[in-house]
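One structure is given here, and the rest of the page talks about it.
There are 4 protein chains.
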Amino acid sequence: MRQPSFFKRLVEAKAGGLGALSRAAQRNARHAISLCHGLMSERGEVSGARLAREALAAYQTLEPAACEAFFDLLVKEFSPDPEDVGRCADAYRDDPSQTNLILLQQAAEPPRQELFRRLNMAAGGTGVLVDMRRQLLQGLGQKPQWLGIEADLAHLLRSWFNRGFLTLQRIDWRSPALILEKLINYEAVHEIQGWRDLRRRLQADRRCYAFFHPALPEEPLIFIEVALTKGMSAKVQPLLDPDSPVLDPASADCAIFYSITNCQHALRGVSFGNFLIKQVAEDLGRELPRLKAFATLSPVPGFCSWLIATADAPRGAPVRAEIAAVLAKLDAPRWFEDNALSAELQRQLAPLCAHYLLYAKQDQEPRDPVARFHLVNGAQLIRLNWLGDTSAAGIRQSAGMMVNYVYRLADVERNHEAYARDRTVVASRRLELLARESLLAPANGDQA
Amino acid sequence: MRQPSFFKRLVEAKAGGLGALSRAAQRNARHAISLCHGLMSERGEVSGARLAREALAAYQTLEPAACEAFFDLLVKEFSPDPEDVGRCADAYRDDPSQTNLILLQQAAEPPRQELFRRLNMAAGGTGVLVDMRRQLLQGLGQKPQWLGIEADLAHLLRSWFNRGFLTLQRIDWRSPALILEKLINYEAVHEIQGWRDLRRRLQADRRCYAFFHPALPEEPLIFIEVALTKGMSAKVQPLLDPDSPVLDPASADCAIFYSITNCQHALRGVSFGNFLIKQVAEDLGRELPRLKAFATLSPVPGFCSWLIATADAPRGAPVRAEIAAVLAKLDAPRWFEDNALSAELQRQLAPLCAHYLLYAKQDQEPRDPVARFHLVNGAQLIRLNWLGDTSAAGIRQSAGMMVNYVYRLADVERNHEAYARDRTVVASRRLELLARESLLAPANGDQA
Amino acid sequence: MRQPSFFKRLVEAKAGGLGALSRAAQRNARHAISLCHGLMSERGEVSGARLAREALAAYQTLEPAACEAFFDLLVKEFSPDPEDVGRCADAYRDDPSQTNLILLQQAAEPPRQELFRRLNMAAGGTGVLVDMRRQLLQGLGQKPQWLGIEADLAHLLRSWFNRGFLTLQRIDWRSPALILEKLINYEAVHEIQGWRDLRRRLQADRRCYAFFHPALPEEPLIFIEVALTKGMSAKVQPLLDPDSPVLDPASADCAIFYSITNCQHALRGVSFGNFLIKQVAEDLGRELPRLKAFATLSPVPGFCSWLIATADAPRGAPVRAEIAAVLAKLDAPRWFEDNALSAELQRQLAPLCAHYLLYAKQDQEPRDPVARFHLVNGAQLIRLNWLGDTSAAGIRQSAGMMVNYVYRLADVERNHEAYARDRTVVASRRLELLARESLLAPANGDQA
Amino acid sequence: MRQPSFFKRLVEAKAGGLGALSRAAQRNARHAISLCHGLMSERGEVSGARLAREALAAYQTLEPAACEAFFDLLVKEFSPDPEDVGRCADAYRDDPSQTNLILLQQAAEPPRQELFRRLNMAAGGTGVLVDMRRQLLQGLGQKPQWLGIEADLAHLLRSWFNRGFLTLQRIDWRSPALILEKLINYEAVHEIQGWRDLRRRLQADRRCYAFFHPALPEEPLIFIEVALTKGMSAKVQPLLDPDSPVLDPASADCAIFYSITNCQHALRGVSFGNFLIKQVAEDLGRELPRLKAFATLSPVPGFCSWLIATADAPRGAPVRAEIAAVLAKLDAPRWFEDNALSAELQRQLAPLCAHYLLYAKQDQEPRDPVARFHLVNGAQLIRLNWLGDTSAAGIRQSAGMMVNYVYRLADVERNHEAYARDRTVVASRRLELLARESLLAPANGDQA
Ligand SMILES: [Mg+2]
Ligand SMILES: [Mg+2]
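Protein chains in written order, with the numbering used here: chain F, 1035 to 1482; chain C, 1035 to 1482; chain P, 1035 to 1482; chain V, 1035 to 1482.
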């Protein structure tokens, strides 16, 4: 997983010219592909591990242009034969026997899949294949023909990173520095400001858990950070303060999930978060029976951009003007330190944010990505917190507002089904009432 | 992996009658299948682990008749739709684009595979699926329609038990008794006579290695037993003697692989042995640089039954009669303790055994299964050992003869390729000369 | 700890004659002692580990006669100088300052102690020193002059094997065979009949715990075996039956300590058993809150020999005759299978045994060694079990009777103090009443 | 080990007045002491662990004044009885039998030692006792009467922290952050500037090893930092540079010990450093057979202060004046960046430093503490490095000079003996020649 990034290769390749593939690049790609063919041959059966090692090594040293050529050859030479598949499918259509099904299966599976499985036999192979998918995902925009390779890798990785093969590990100050350093690098929600900040996040009233795969024992796949608190946290800055006092965890009544980070973008589509939240909630509940609530303290990352779009939208002029006026007030530097201004904005923005969370859609799903994640997992949107996050990012994205989603294990499945059936946003009565006060509520003269 | 065996269920089911499936069995099978459908549905996404647990539990409590009905339903309700696959295959035949390929893949993969992947999310799921394949393999003779399910499980298990996910572990007297007990139970070549026998097999001049999968940490998949010796062993009884003196391993020049056992019949077709021998040879060579030879001391399990069949075959009467006469001598009880008789038999049987190993075929491959295994792995057949195994089984199978196959890491690949190309049996000159003395050698008047 | 036993050496030495110490033995002992002096010298400081290794090796190869000479030299050359100690003690008597105390300490500590500490620096040194004490203890009868060496080793071992340095480990079927084999060899109370018997003792409704020292990680120091039962066990054979059904431990209400074994006789005087019982009781109580009673099922090893001695004692003739009559009945082979005879004996022997446990003394302490152990630990003698142990040993030692001692954590300290103060045997009312029925009870005409 | 420092307690105690011990402090000290008496009593035998826990807890909560009173009571009530010891010493003087020796031992050992051993039974006891010695060492200046307690603790800790009980552990970036943080805090030679600096010190061409005791598994006792280099390093700044390139360790020919830190001042007098260097040299030599030299890159911490003292000393005026002139030049800020000035100073200071290392004494031993440490360990002083350390400390202590001491395992013992016998400073010829050029060399007109 340490090879130079695809983008870096791309940049370096610029000089050589992408159009006219250099002879060296062609030769190198062809060499790597021929090792792959060798691995698929008779010899592969007996010398699999060695051939896999050689083929992986050849692939890993490809410069970007050669790497593109390698992928193109994977499309050309490792896809199933259309005529062959056609014949097998005809046979199965005529006689849907299990024998015909097996023949069809063999014909329809791209030889690439077997190639990837054999490459995986080499030490470190899994990591290289994960990285290969990362590269493919990055390149797909330019090279839609790689879609099939990407799909094959996705298929295998989903199978290999099955929940049944993952281990949940608690991470604390006794964990290897090598792992902790990765948390610092990966944390995507509330950036970790060095080792002192991390240390506070691992003390007695904080918890951190991650999923690992046995083939990547030093690579957290996803991790979650939890604060054990008295009462449900409304503001994130106190939770992140490295100098905050440490609470006796036995006295906590609430577990706040304040950050969840997917570490491996190359494992997109292999969902872990859902399992992680639930298992952590179960484990914590067993360990600390006093815990009464499991809730998130979450950002509302899409609110401000939606509000700006709404202000520009072709709708009733008065509402647009009012929203534009509100937005203008947000231009005041550090407005949130001006109590009067802040109170005024709260009156206008909190209802708008409730409206956004409950009613703003994108392809029938909630427009807010964090809301989508927790709602599909079966959580309930329970509370909006004014000035919950006064960091630069918090102010910019959501005028500082945060929300709590509650995970009640007894309700999770019902909530999820309601959401899955008709995209119902399960929310508290309080939030629904708040949304009614919004400028955009129908009663307030707007027609959405 | 502890549920009652399939055969036991079958026996128990006899009373109830297999023909007319009882209503209770039908109901139970249907219940388990409906839990499987639930697991595949929307709810499966959010409550996967719980639903997987429930479906597995329902499956595990099925009585044999209900289990058969369950498998039949897996064929009927979890196979791909022939029309659907046909359409996708037509599209791909018309336009072999990667997009069409992906659609074809999705249509052609039996939904069972996704079901098995989801069942695997439950704790212990992998073990249950391995056992499910065991049951299917046992039932296939009666129920050929289960072939597709078996193929799907085989496909998944081959992918999951990829060499890249296995760990090689040395097993010694410090290993958990739980594991050691399994070696005693599983050993298939030279039965382990209790803990004292096992203990000797784990002392300083013996080695034992096994492959494990992280999801089955207490289940050896395959294990190999090695003796470190001075000179290449010709007889197995001294190696197995619990009272034999312990050699200083640093003084050994030969590593004798005297037993290799596949523990999980349900992983048939997932080849480990090849990897195991080679990695153990590499590791031992590094640890003990004085080792000069890596060889097996192997049985010739098919010799006697082949010889009997040959005596009955419609060929030149004189040869048949001579063979029958030789066979008759083997009826003498403990003939091998009669020196004169033994010497006489050696003159006749050793050349016949060399002939058998070099020339007796079955579908173009060597007729002896142990020979097939080592030759396809690239070993060379090097020596025949008269009275190498005087146990009851050794006398019965091969008139006490054993052979050494040598693994020279430098030659393994070339040997394998020669074998793979045209089934060449790579053997020592000595063995070839020995075969020429056989009754069946062309020069000796037989026309094979 | 693997050197030939002292007795073996003694036997081997017989030929050479113990009286006239051979020159070779003298030379070897002198060589080992001179290495010890080297280790104590300046060079010892910088090359300690190497010199310790050499001195230990020289000591370990001494034949028995040389070993005796070595110990004699340890007395002669590594004891404190009497004049020197005398002067320091005078000074301290005159002026009991801390400075004088320190000087006295240095003068009074035998140089052997520093020697042993330096020998301990070598890898494996601790094990050799433990074994050295074993040899000294065995030889003390013949060689009382070794008392001082033995006392020095005992002083150091007591300090090094302090409870604070020991770890309590649960032993189960996942433990290394190397450890389990030692349990089989060491078990002193109810012999373990091979691996099948051991396996049953480690199943879900049984527990085994041992103390280990970090310097001897593969040597259990003491271990205890526990059965989790419903109701307090009165008979030991059902507990030991390898075919007995396994109880769900969560349904148990009683933890029966049925065996406790000190493995290292060489650590005599370093008490562990007391700590072990209490910590195991605490740990089990936490893990299985349903457990209501912690009790032993213990032998009464001294009863029969006491009864025989009593029958011979110069006391009232009628009582002696009656006891002799009872004893005579015990000569009937397998008398305990004759219900009538058994009932008759129970009426006579049970009260006698209660009397024995409550009143038979040896130097003011209870005469029964097992009773001493549990009473000093603060347990209460609660019940006598007729035919609790019908093994040959049980019948021979106590006519098959066993007893339960109960450990009530709340009472342990008070019981211990009562015992320590005036050797009070804390027993149940039932046992006291039983003892009154004894032939030996004063009311029954005997004057003890 | 986390209780408030003794100094902190002292400061806090100021208000209460040290002279007149408050009643509360008296009461608390007396309470802790009475728990200690309880632990020594009969009850201690059966309830040792609990009583130890309580006594330790009482001790740990003592405020500074009460803690002093506690120590005073340890002197008064836990010292041996002078009359008793006197009698036993008289008896041993009269008859130096081993029995009399044992009685003397028992009388002479302060009861405190048994008390400390019993306190050690509580979880965490060892750490508290280590800390108790730290406090005693800090207080000794004011309270010489505590010398005996300190000696008793030293005696026990030396016995418990015997080399045979320690484990050597490699520390790298996979070690727990908890341990790594301690290295950052403890490092005494070249301060670690945070995690990035530490990370570089743990990369492939660096090594770090530490000794641990099983009772303090998270407390490094001493650690050493090693750089694997090509050629013997003369300057330390390049070694410490976090941005320096990482060398392939297989290509290194030299192991430079550039820092060794005793972490536990409370274990003063328990020597580890000697063992650590030698074992690390042996282990590295085995792992990397290309390593040809094991050497330190060491400071000369006492040089400048010695030079100043020398300039003030009553000796030949001309030399004094010259030295004073040299010293004056060192006042120029960043003089070492002025090439001409630096060269001039090198000509004068390097010979003076060689003289200092070879001839400057303090009680017959080399005056430089680092020289003492390595010379007693058997190293050879081999090279002086001008501007080896241009940090503020390096310039201040030794005008930037560093030296290499070489550890040749074959010579270590001989060097040590030469040093131990007559304080011979084993140095290279080059350094001896350099010293002759010094202003202070006899040939140069000075009479030392
Ligand atoms: Mg597949
Ligand atoms: Mg002592």
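Glycine included, C-beta positions come from ideal geometry on N, C-alpha and C. Note that the structure is predicted; figures quoted are calculated from it, not measured.
Exposure of LYS1326 (chain C), with buried meaning 16 or more beta-carbon neighbours within 10 Å: Label assigned to LYS1326 (chain C): exposed.
Buried or exposed by the 16-neighbour rule on C-beta atoms within 10 Å, applied to PRO1251 (chain P): Result: exposed.
LEU1250 (chain P) at chain C interface by Cβ criterion, 9 angstroms: For LEU1250 (chain P), the answer is no, since every Cβ of chain C falls outside 9 angstroms of its Cβ.
CB contact check: TRP1229 (chain C) to chain P, cutoff 9 angstroms: Cβ-Cβ to chain P under 9 angstroms: yes for TRP1229 (chain C).
Touch test, the region 1127 to 1136 of chain P against the region 1155 to 1175 of chain V, Cβ-Cβ under 8 angstroms, three pairs minimum: Fewer than three Cβ pairs drawn from the region 1127 to 1136 of chain P and the region 1155 to 1175 of chain V lie within less than 8 angstroms of each other, which leaves the two stretches out of contact.
Cβ shell of GLN1060 (chain P) (< 7 angstroms), same chain only, five flanking positions each side left out: Closer than 7 angstroms at the Cβ level, and outside the excluded window around GLN1060 (chain P), lie ALA1103.
Residue closest to LEU1273 (chain P), alpha-carbon to alpha-carbon, out of P:GLU1253, P:ALA1359, P:ILE1226: Selection P:GLU1253, P:ALA1359, P:ILE1226 evaluated against LEU1273 (chain P) yields P:ILE1226 as nearest (Cα-Cα).
Interface partners of THR1160 (chain P) on chain V, CB under 7 angstroms: Listed along the chain, the chain V residues whose CB falls inside 7 angstroms of the CB of THR1160 (chain P) are GLY1198.
VAL1446 (chain F) beta carbon less than 9 angstroms from that of GLN1415 (chain F): Looking at the sequence itself, residue 1415 (chain F) is Leu, so the reference to Gln does not match. Cβ atoms of LEU1415 (chain F) and VAL1446 (chain F): not closer than 9 angstroms.
Min CB distance VAL1446 (chain C) to chain A below 9 angstroms: Absent here is chain A; the protein component of the structure consists of chains F, C, P and V.
9 angstroms Cβ cutoff, ILE1136 (chain C) in contact with chain F: At least one CB of chain F lies nearer than 9 angstroms to the CB of ILE1136 (chain C).
Chain-ordered neighbours of PHE1309 (chain P) on chain V, where CB pairs are closer than 9 angstroms: PHE1309 (chain P) reaches chain V at GLY1082, ALA1083, MET1155, counting residues in chain order whose Cβ is nearer than 9 angstroms.
Any chain P beta carbon closer than 9 angstroms to SER1526 (chain C): Because residue 1526 (chain C) is not part of the residues shown, which for chain C are 1035 to 1482, the question remains open.
Three-state secondary structure assigned by DSSP to LYS1110 (chain P): LYS1110 (chain P) falls in the helix class under three-state DSSP.
Beta-carbon neighbours of PRO1283 (chain C), restricted to chain P and to distances below 8 angstroms: Those do not exist, as PRO1283 (chain C) stays about 18 angstroms from chain P at its closest Cβ, beyond 8 angstroms.
Beta strand (DSSP E) segment containing ARG1417 (chain P), residue limits: First-last of the beta strand (DSSP E) with ARG1417 (chain P): 1414 to 1419.
Where PHE1484 (chain P) falls: helix, strand or coil (DSSP): With chain P running from 1035 to 1482 in the structure shown, residue 1484 (chain P) is simply not present.
Nearest candidate by alpha-carbon position, reference SER1178 (chain P), set V:LYS1312, V:ASN1134, V:LEU1212: For the sequence presented, residue 1178 (chain P) should be read as Pro rather than Ser. Considering only alpha carbons, the answer is V:ASN1134.
Beta-carbon neighbours of ASP1124 (chain V), restricted to chain P and to distances below 8 angstroms: Per Cβ cutoff of 8 angstroms: GLY1120, ALA1123.
Residue-level contact to chain P via CB, ALA1211 (chain C), 9 angstroms cutoff: Yes, contact with chain P.
Check: HIS1450 (chain P) C-beta below 8 angstroms from any heavy atom of ligand 2: Taking 8 angstroms as the cut-off, the C-beta of HIS1450 (chain P) does not count as close to any heavy atom of ligand 2.
Residue-chain proximity (ARG1240 (chain C), chain P), Cβ-Cβ < 9 angstroms: Not an interface residue.
Environment of ASN1219 (chain C) [buried if 16+ CB atoms lie within 10 Å]: Exposed, because fewer than 16 other Cβ atoms sit within 10 Å of the Cβ of ASN1219 (chain C).
is_contact[PRO1116 (chain P), chain V] using C-beta, thresh 9 angstroms: Taking 9 angstroms as the threshold, the shortest C-beta distance from PRO1116 (chain P) to chain V falls below it.
Contacting positions in the region 1173 to 1187 of chain P - beta carbon closer than 7 angstroms to chain V: Those would be GLN1179, LEU1181, GLY1182, ALA1185, in chain order.
With 16 other Cβ atoms within 10 Å as the buried cut-off, status of GLU1400 (chain V): In the sequence under discussion, the amino acid at residue 1400 (chain V) is Pro, which differs from the Glu named in the question. PRO1400 (chain V) comes out buried.
Collapsed DSSP secondary structure at ALA1327 (chain P) in the structure displayed: Secondary structure at ALA1327 (chain P): strand, using DSSP grouped into helix, strand and coil.
Cα-Cα separation, ASN1449 (chain P) to ARG1463 (chain P): Answer to the nearest angstrom: the Cα atoms are 15 angstroms apart.
Span separating the alpha-carbon of GLU1184 (chain V) from that of PRO1333 (chain V): Their Cα atoms are separated by approximately 31 angstroms.
Sequence-distant residues of its chain with Cβ nearer than 7 angstroms to ASP1118 (chain P) (five each side left out): Correct list, in chain order: ALA1141.
Cβ neighbour criterion (16 or more within 10 Å) applied to VAL1270 (chain P): Its Cβ being crowded by 16 or more others within 10 Å, VAL1270 (chain P) is buried.
Near ligand 2: GLN1147 (chain P) beta-carbon under 8 angstroms from a heavy atom: At least one heavy atom of ligand 2 is nearer than 8 angstroms to the Cβ of GLN1147 (chain P), so yes.
Own chain residues within Cβ distance below 6 angstroms of GLY1428 (chain C), not counting five before or after: Same-chain partners within the cutoff: GLY1434.
CYS1338 (chain P) to ALA1300 (chain P) span [Cα, whole Å]: If I take the Cα positions, the gap works out to 29 angstroms.
Exposure of LYS1264 (chain P), with buried meaning 16 or more beta-carbon neighbours within 10 Å: The residue in question, LYS1264 (chain P), is exposed, as its Cβ has fewer than 16 Cβ neighbours within 10 Å.
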